[in-house]
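A.B. asks: Numbering (the numbering used here), first residue to last: 36 to 435.
Let me give you the structure first, and then I'll get to my questions.
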Amino acid sequence: MKERIVLAYSGGLDTSVAIGWIGEATGAEVIAVAVDVGQGGEDLETIRQRALDCGAVEAYVADARDEFANDYCMPALKANALYMDAYPLVSAVSRPVITKHLVAAAKQFGATTVAHGCTGKGNDQVRFEVGIQTLGPELKCIAPVRDLALTREKAIDYAEKNNLPIATTKKNPFSIDQNVWGRAVETGFLEDIWNGPTKDVYDYTDDPAFAPVPDTAVITFKEGIPVAIDGQVVTPLEAIEIMNRRAGAQGIGRIDIVEDRLVGIKSREIYEAPGAMALIAAHKELENVTIEREQARFKKTVGQRWTELVYDGQWFSPLKKSLDAFIEDTQKMVNGEIRLDMHGGRAVVSGRRSDTALYDFNLATYDEGDSFDQSHARGFIELFGLSSKVASARDQRLGL
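Here is the structure:
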């Protein structure tokens with residue numbers, strides 16, 4: 036029996052060519068695996084048939100949209116995950132769910148190797164291969180672009196020579212990765228970091244300079260997860276999709292960043308994540324209302340470390356699992372409603388309501404009904420500043 040290789044398959048030119056390219060280079064049979072994480076475009080059956088027409092012996096397709104939203108996007112929301120305080124882990128959170136399906140397919144079809152279409156310069160090769168090693172330690176990994184010299188030019192030439200059922204003439208200047216959590220765009224003229232993005236870069240968002248009338252959404256959360264929008268019950272996937280449409284129409288969620296890649300280079304990236312950025316803005320403010328001060332301060336540190344681990348391809352690591360447990364514990368009281376005003380590229384919280392709030396009107400008010408005992412303040416200040424006062428007196432005595 037021939038060796039079998041599972042290929043992460045998108046339905047595009049490079050991975051369509053990779054089916055035959057891998058077969059010729061290794062002598063193995065290729066099984067194509069396509070995973071729907073809300074990237075849109077062609078339906079899974081069309082992609083499955085193309086894989087078979089390009090020479091795959093099997094084609095495995097998975098509708099993982101709800102799984103992706105529930106088990107990957109929601110943990111990112113609970114962590115308020117923004118890499119370098121800007122990037123909501125659009126590609127990074129999708130790689131573990133794709134990896135999970137690749138390993139499952141390898142076990143199902145008796146494959147010894149998993150192949151992916153990443154280059155040797157990016158983060159995704161690390162995310163895929165570390166995840167594959169973790170979930171399937173017995174599996175090997177190859178990358179046709181990196182390991183088998185499959186360039187774009189060779190891919191076009193191969194497709195034309197072999198009459199593959201895939202368009203080769205349309206040359207998109209950008210490298211694009213998208214899913215329901217957002218869209219990532221790089222390469223082309225964007226590699227000159229002085230160049231501003233042009234209109235054709237964007238797809239998930241409309242121009243914020245020409246926004247429609249302001250839009251207000253009331254988002255209901257239960258234990259950190261959006262469960263209703265404007266009173267209408269939603270699943271996590273539906274919440275993201277609705278906010279993608281509504282926030283996207285207002286031009287919210289456009290991000291232009293020079294980013295620190297895991298491999299050590301800086302890369303210019305354009306992201307669009309209207310739903311993710313709107314939901315994170317609402318979630319962060321509800322946490323301000325419901326999470327105790329010291330817990331909230333420490334959660335920022337945990338959330339940042341969680342974000343770095345996920346960005347670096349460590350979704351399945353022991354530390355990430357431990358941080359999950361802490362973050363999950365902080366969400367028990369993150370219940371209530373946030374009113375979010377969206378217009379012209381901005382999502383601004385204008386109202387908060389929660390039955391589990393730590394905000395106490397009678398403690399906060401300066402008007403009649405104030406229950407805060409101001410006579411305690413003087414002694415508190417004396418004790419709070421005592422250690423600094425003692426240290427300062429010593430330094431002055433020593434002339435420092």
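Cβ atoms here follow ideal geometry from the backbone N, Cα and C, with glycine treated the same way.
According to DSSP, is Pro271 part of a helix, a strand, or is it coil?
C.D. replies: Mapped onto the sequence shown, residue 271 falls at position 236. In the structure shown, Pro271 sits in a helix (DSSP, three-state: H, G or I).
A.B. asks: Buried or exposed: which applies to Leu418, given that a residue is buried once 16 or more other Cβ atoms fall within 10 Å of its Cβ?
C.D. replies: Residue 418 sits at position 383 when you count from the first residue of the sequence shown. Exposed, by the Cβ-count rule.
A.B. asks: In whole angstroms, what separates the C-alpha of Leu87 from that of Pro200?
C.D. replies: One-based indexing of the sequence shown puts residue 87 at position 52. One-based indexing of the sequence shown puts residue 200 at position 165. The straight-line gap from Cα to Cα measures roughly 10 Å.
A.B. asks: Considering only residues of the same chain and omitting the five flanking positions on each side of Ser45, which have a CB-CB separation below 6 Å?
C.D. replies: For the purposes of this step, residue 45 is taken as residue 10 along the sequence shown, with counting starting at 1. Answer for Ser45: no residue qualifies.
A.B. asks: Determine, using beta carbons only, whether Val293 and Ile211 come nearer to each other than 8 Å.
C.D. replies: As a working note, residue 293 is residue 258 in the sequence shown. As a working note, residue 211 is residue 176 in the sequence shown. Their beta carbons are not under 8 Å apart, which means Val293 does not touch Ile211 by this criterion.
A.B. asks: Report back the beta-carbon spacing between Asn370 and Ser389 to the nearest angstrom; my notes put them in contact at under 8 Å.
C.D. replies: Taking the sequence shown and counting its residues from 1, one reaches residue 370 at position 335. Taking the sequence shown and counting its residues from 1, one reaches residue 389 at position 354. With a Cβ gap of about 6 Å, Asn370 and Ser389 count as contacting.
A.B. asks: Quick check: Ala190 and Val298, are their CB atoms within less than 8 Å of each other?
C.D. replies: Indexing the sequence shown from 1 puts residue 190 at position 155. Indexing the sequence shown from 1 puts residue 298 at position 263. For Ala190 and Val298, no; Cβs fall outside 8 Å.
A.B. asks: Whole angstroms are fine: how far does the CA of Gln267 sit from the CA of Met109?
C.D. replies: Along the sequence shown, one-based indexing puts residue 109 at 74. Along the sequence shown, one-based indexing puts residue 267 at 232. Looking at the two C-alpha atoms, the distance is approximately 19 Å.
A.B. asks: Can you tell me whether DSSP reads Ala317 as helix, strand or coil?
C.D. replies: As a first step, residue 317 must be located in the sequence shown, where it is residue number 282. Three-state DSSP puts Ala317 in a helix.
A.B. asks: Find out if the Cβ-Cβ distance for the pair Thr342, Ala114 is shorter than 8 Å.
C.D. replies: To locate residue 342, count along the sequence shown from 1; it is residue 307. To locate residue 114, count along the sequence shown from 1; it is residue 79. Taking 8 Å as the Cβ cut-off, Thr342 and Ala114 qualify as a contacting pair.
A.B. asks: Put Arg296 into one of helix, strand or coil per three-state DSSP.
C.D. replies: Counting from one through the sequence shown, the residue named residue 296 turns up at place 261. Residue state, collapsed to three classes: coil.
A.B. asks: Taking DSSP as the reference, what is the three-state secondary structure of Ile254?
C.D. replies: The residue given as residue 254 occupies position 219 in the sequence shown. Correct three-state label for Ile254: strand.
A.B. asks: Less than 8 Å between the CB atoms is what I'm expecting for Ala99 and His136, so what's the real figure, rounded?
C.D. replies: Stepping through the sequence shown from its first residue, residue 99 is reached at position 64. Stepping through the sequence shown from its first residue, residue 136 is reached at position 101. Contact flag correct, Cβ pair sits at about 6 Å.
A.B. asks: Quick check: what's the CA-CA separation for Tyr95 versus Arg289?
C.D. replies: One-based indexing of the sequence shown puts residue 95 at position 60. One-based indexing of the sequence shown puts residue 289 at position 254. Approximately 34 Å, taken between the alpha carbons.
A.B. asks: State yes or no: is the C-beta of Thr365 within less than 8 Å of the C-beta of Ile315?
C.D. replies: For this step, residue 365 is matched to residue 330 along the sequence shown. For this step, residue 315 is matched to residue 280 along the sequence shown. Cβ distance not < 8 Å, so Thr365 and Ile315 don't count as in contact.
A.B. asks: I'd like the list of long-range same chain contacts for Arg340, defined as Cβ closer than 7 Å, with 5 residues on each side in sequence excluded.
C.D. replies: Here residue 340 refers to the residue found at position 305 of the sequence shown. The residues are Leu358.
A.B. asks: Tell me the residue span of the beta strand (DSSP E) that contains Ser210.
C.D. replies: For the purposes of this step, residue 210 is taken as residue 175 along the sequence shown, with counting starting at 1. It spans Ser210 to Asn214 - the beta strand (DSSP E) in which Ser210 sits, taken as one unbroken run.
A.B. asks: Between the region 348–357 and the region 220–237, do at least 3 Cβ pairs fall closer than 8 Å?
C.D. replies: Short answer: they don't touch.
A.B. asks: Residue ranges of each beta strand (DSSP E) run of no fewer than 3 residues wholly in the region 61–124, ordered along the chain?
C.D. replies: Correct list: 64–71 and 93–98.
A.B. asks: Give, in chain order, every unbroken run of the alpha helix (DSSP H) that is at least 4 residues long and sits entirely within the region 343–395.
C.D. replies: Fully enclosed alpha helix (DSSP H) runs of 4 or longer: 353–365.
A.B. asks: Between the alpha carbons of Ser422 and His411, how many angstroms are there, rounded?
C.D. replies: The residue labelled residue 422 in the question sits at position 387 within the sequence shown. The residue labelled residue 411 in the question sits at position 376 within the sequence shown. Distance between the alpha carbons of Ser422 and His411 is about 19 Å.
A.B. asks: Please report how far the alpha carbon of Trp216 lies from the alpha carbon of Leu79, in whole angstroms.
C.D. replies: Position 181 of the sequence shown, counting from 1, holds the residue named residue 216. Position 44 of the sequence shown, counting from 1, holds the residue named residue 79. Each residue's Cα considered, the two are about 19 Å apart.
A.B. asks: Closest to Ala91 by CA distance: which of Arg39, Pro123 and Val138 is it?
C.D. replies: Residue 91 sits at position 56 when you count from the first residue of the sequence shown. Of the candidates Arg39, Pro123 and Val138, the one whose C-alpha sits nearest the C-alpha of Ala91 is Arg39.
A.B. asks: Within 10 angstroms of the Cβ of Ala184, are there 16 or more other Cβ atoms? Answer buried if so, exposed if not.
C.D. replies: Taking the first residue of the sequence shown as position 1, residue 184 is located at position 149. Exposed, since its Cβ has fewer than 16 Cβ neighbours within 10 Å.
A.B. asks: Let me confirm a value: Pro309 is counted as buried when at least 16 other C-beta atoms fall within 10 Å, else exposed. Which label applies?
C.D. replies: Within the sequence shown, the letter at position 274 stands for residue 309. Counting Cβ neighbours within 10 Å, Pro309 comes out buried, since at least 16 surround it.
A.B. asks: Can you tell me whether Tyr193 is helix, strand or coil according to DSSP?
C.D. replies: Your numbering for residue 193 matches position 158 in the sequence shown. Here Tyr193 sits in helix by DSSP.
A.B. asks: On a Cα-Cα basis, can you pick out the residue from Leu393, Ala104 and Leu42 that is closest to Leu272?
C.D. replies: Your numbering for residue 272 matches position 237 in the sequence shown. The shortest Cα separation from Leu272 among Leu393, Ala104 and Leu42 belongs to Ala104.
A.B. asks: Exposed or buried, Pro249, counting other C-beta atoms within 10 Å across all chains shown (16 or more means buried)?
C.D. replies: By one-based count along the sequence shown, residue 249 stands at place 214. Answer is exposed; the Cβ neighbour count stays below 16.
A.B. asks: Please report the residue range of the beta strand (DSSP E) in which Leu42 lies.
C.D. replies: For the purposes of this step, residue 42 is taken as residue 7 along the sequence shown, with counting starting at 1. Element bounds for Leu42: Arg39 to Ala43.
A.B. asks: Would you grab the beta carbon distance between Val236 and Phe209 for me? Rounded to a whole angstrom, and I think it's under 8 Å.
C.D. replies: Here residue 236 refers to the residue found at position 201 of the sequence shown. Here residue 209 refers to the residue found at position 174 of the sequence shown. Indeed, because the Cβ distance is near 7 Å, the residues count as touching under 8 Å.
A.B. asks: With DSSP run on the structure shown, which of helix, strand or coil describes Ala308?
C.D. replies: Locating residue 308 in the sequence shown gives position 273, where the first residue counts as 1. Note: Ala308 maps to coil in three-state DSSP.
A.B. asks: Do Asn214 and Gln349 have their C-beta atoms closer together than 8 Å?
C.D. replies: To locate residue 214, count along the sequence shown from 1; it is residue 179. To locate residue 349, count along the sequence shown from 1; it is residue 314. No, these two residues do not count as a Cβ contact at 8 Å.
A.B. asks: Which residues in the same chain have their Cβ closer than 6 Å to the Cβ of Phe224, if we skip the five residues on either side of it in sequence?
C.D. replies: Stepping through the sequence shown from its first residue, residue 224 is reached at position 189. Closer than 6 Å at Cβ, skipping near neighbours: Asn230.
A.B. asks: Could you check the C-alpha separation between Glu102 and Val72 for me, to the nearest Å?
C.D. replies: Mapped onto the sequence shown, residue 102 falls at position 67. Mapped onto the sequence shown, residue 72 falls at position 37. So the alpha carbons of these two residues sit roughly 8 Å apart.
A.B. asks: Within 10 angstroms of its Cβ, does Gln409 collect 16 or more other Cβ (buried), or is it exposed?
C.D. replies: Walking along the sequence shown from the start, residue 409 turns up at place 374. Burial call: exposed.
A.B. asks: Check this for me: beta carbons of Ala219 and Ala282, under 8 Å apart or not?
C.D. replies: The residue given as residue 219 occupies position 184 in the sequence shown. The residue given as residue 282 occupies position 247 in the sequence shown. The answer is no: Cβ separation not under 8 Å.
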